[in-house]
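Following: one structure in structure tokens, then a few remarks.
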């Protein structure tokens with residue numbers, strides 16, 4: 023695990039992180055037993071350990087079982103930091119070369135996908151503190167800077183600087199305004215102007 027923290031310590035940290043981020047969370051036991059996003063990340067840690075040791079088939083098998091049980095697909099090769107939280111989770115897909123920093127949060131239906139079949143880095147990198155709204159698609163080896171927010175249903179195919187807000191199809195990045203609410207960004211996608 024590299025952080026010096028035990029598996030149980032990491033699980034407790036995950037539960038505390040979920041409780042902090044989800045206003046519907048009532049107690050740690052409920053979170054540990056009933057949150058598929060946590061179950062998916064816990065399974066991923068085991069699968070990732072197998073993947074790194076070269077046990078590719080058992081790692082892929084484990085990730086498929088976790089997908090069937092949680093509705094969340096995380097490739098065992100993906101690198102994921104601490105306190106990662108997937109709210110609701112259904113339909114989330116995280117590709118093999120994705121890299122996710124600490125304190126990142128995804129809502130349901132998010133895809134961290136590729137745009138090419140070439141070998142090498144082909145999935146996104148989300149730096150620390152990034153929040154991604156429901157249904158957003160981040161495609162290709164793009165880098166999303168720390169503390170950025172990606173709005174619901176945005177389609178991101180270009181890098182973004184830290185503290186960016188990305189909305190639209192295709193997504194456009196802008197600097198986050200002083201005191202701008204992340205929840206507003208995630209719940210009200212910016213609509214294109216269809217006027218003539």
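Numbering (the working numbering), first residue to last: 23 to 218. From the three backbone atoms N, C-alpha and C, an ideal C-beta is built for every residue, glycine too.
**Asked** Taking DSSP as the reference, what is the three-state secondary structure of residue 79?
**Response** Note: residue 79 maps to helix in three-state DSSP.
**Message:** Measuring only the C-alpha atoms, how far is residue 115 from residue 201?
**Reply:** 31 Å
**Item:** residue 56 to residue 100 span [Cα, whole Å]
**Value:** Spanning the two alpha carbons is a distance of roughly 24 Å.
**Prompt:** Just reading off the alpha helix (DSSP H) that residue 40 is part of, what are its end residues?
**Reply:** 29 to 43
**Message:** Which same chain residues end up closer than 7 Å to residue 143 when comparing Cβ atoms and leaving out the 5 residues on each side of it in sequence?
**Reply:** 119 and 163
**Request:** Sort 113, 31 and 151 by Cα distance to residue 134 and report the nearest one.
**Result:** 113
**Item:** Contiguous alpha helix (DSSP H) assignments of at least 4 residues, all confined to the segment 69 to 118
**Value:** 78 to 92
**Request:** Decide if residue 84 is buried, meaning its Cβ has at least 16 other Cβ atoms within 10 Å, or exposed.
**Result:** Buried, because 16 or more other Cβ atoms sit within 10 Å of the Cβ of residue 84.
**Request:** From the DSSP output, in three-state form, read off residue 4 for me.
**Result:** For residue 4 there is no data in the structure shown, the boundaries of the chain being 23 and 218.
**Asked** If you draw a straight line from the C-alpha of residue 128 to the C-alpha of residue 79, how long is it?
**Response** 27 Å
**Nearest residue (CA-CA) to residue 52, options 65, 37, 63 and 62** = 37
**Request:** Since I believe residue 155 is in contact with residue 173 (beta carbons under 8 Å), could you give me their beta-carbon distance rounded to a whole number of angstroms?
**Result:** 5 Å
**Reduced DSSP secondary structure (H/G/I, E/B, other) of residue 174** = coil
**Message:** So residue 33 and residue 64 are supposed to be a Cβ contact under 8 Å. How far apart are they, rounded?
**Reply:** 7 Å
**Request:** Give the secondary structure of residue 52 by DSSP, where H, G and I count as helix, E and B as strand, and everything else as coil.
**Result:** The answer is helix: DSSP assigns residue 52 an H, G or I state.
**Request:** Work out the CA separation of residue 139 and residue 23 for me, nearest whole Å.
**Result:** Annotation note: pLDDT 43 at residue 23 (below 50); position unreliable, no value reported.
**Asked** What separation, rounded to the nearest whole angstrom, lies between the Cα atoms of residue 185 and residue 122?
**Response** 16 Å
**Asked** So what's residue 67 in DSSP terms, helix, strand or just coil?
**Response** helix
**Request:** Taking residue 141 as part of the beta strand (DSSP E), name the residues at either end of that continuous run.
**Result:** Going by DSSP, residue 141 is part of no beta strand (DSSP E) at all; its letter is neither H nor E.
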